[in-house]
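Chemist: Residue numbers (my numbering): 898 to 1050.
A virtual CB, placed ideally from N, CA and C, is assigned to each residue, including glycine.
This one's a predicted model, so the numbers in the text were calculated from it and none came from an experiment.
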């Protein structure tokens, strides 16, 4: 179990370039399927990503980046629409107990190109398709080794 909004923000930052492929909302639990081949396949070649279960305490919002500087930013709350936009994770930050996941969006023509997924959460659980759970430390080491190898290319 990963606890605290700062560690959950670290988790999402480790998933840099991963895409949110599917989601499920069950009462106060948001379950995301994050596709991130370059990390998952370091564990096993058949893996494509990870599942992340977040305990949510408050509304889920997405604050858009307009696709043109003359347009206004919007705050979206329709989770089905938000998740239909093929969000690509860039980084995340802890903002006083709120996790802001910065994402790009290229799925379809829209009036926004990305934005911040805003989640109020204090706990997360991560596992793969084989039902193996992962700690933040394990994922951090996995990510670090990938980027060290990548920098030597």
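As a quick exercise: from 1011, 985, 918, pick the residue whose alpha carbon is nearest that of residue 959.
Modeler: For the purposes of this step, residue 959 is taken as the residue at position 62 of the chain shown. It is 1011.
Chemist: Alpha carbon to alpha carbon, how far is residue 898 from residue 1041? Give it in angstroms, no decimals.
Modeler: Looking up residue 1041 in the chain shown gives position 144. Looking up residue 898 in the chain shown gives position 1. Going by the C-alpha atoms only, they are around 20 Å apart.
Chemist: Might you give, ordered along the chain, the residues of its own chain that have their beta carbon closer than 7 Å to the beta carbon of residue 932, omitting 5 neighbours on each side?
Modeler: Stepping through the chain shown from its first residue, residue 932 is reached at position 35. For residue 932, where only same-chain residues beyond five positions count, the Cβ hits under 7 Å are 915, 916, 918, 945, 946.
Chemist: Which residues does DSSP pair with residue 991 in a beta bridge?
Modeler: What you label residue 991 is simply residue 94 of the chain shown in a count that begins at 1. The partner list for residue 991 (beta bridge, DSSP) reads 996.
Chemist: Which residue from 1046, 1016, 1025 puts its Cα closest to that of residue 949?
Modeler: Taking the chain shown and counting its residues from 1, one reaches residue 949 at position 52. Residue 949 has its Cα closest to that of 1025, out of 1046, 1016, 1025.
Chemist: Relative to the C-alpha of residue 1039, which residue among 987, 992, 939 is closest?
Modeler: Numbered from its first residue, the chain shown carries residue 1039 at position 142. It is 939 whose Cα lies nearest to the Cα of residue 1039.
Chemist: Would a C-beta distance cut-off of 9 Å place residue 989 and residue 928 closer than the cut-off?
Modeler: By 1-based counting over the chain shown, the position of residue 989 is 92. By 1-based counting over the chain shown, the position of residue 928 is 31. No.
Chemist: Cα-Cα, which of 1013, 1023, 1028 is closest to residue 974?
Modeler: Here residue 974 corresponds to residue number 77 of the chain shown, with the count starting at 1. Closest by alpha carbon: 1013.
Chemist: Would you tell me roughly how many angstroms separate the C-alpha atoms of residue 930 and residue 961, rounded to the nearest one?
Modeler: By 1-based counting over the chain shown, the position of residue 930 is 33. By 1-based counting over the chain shown, the position of residue 961 is 64. When rounded, the distance between both Cα atoms is 21 Å.
Chemist: Tell whether a beta-carbon distance below 9 Å holds between residue 963 and residue 1009.
Modeler: Mapped onto the chain shown, residue 963 falls at position 66. Mapped onto the chain shown, residue 1009 falls at position 112. Against a cut-off of 9 Å, the Cβ pair of residue 1009 and residue 963 comes out as a contact.
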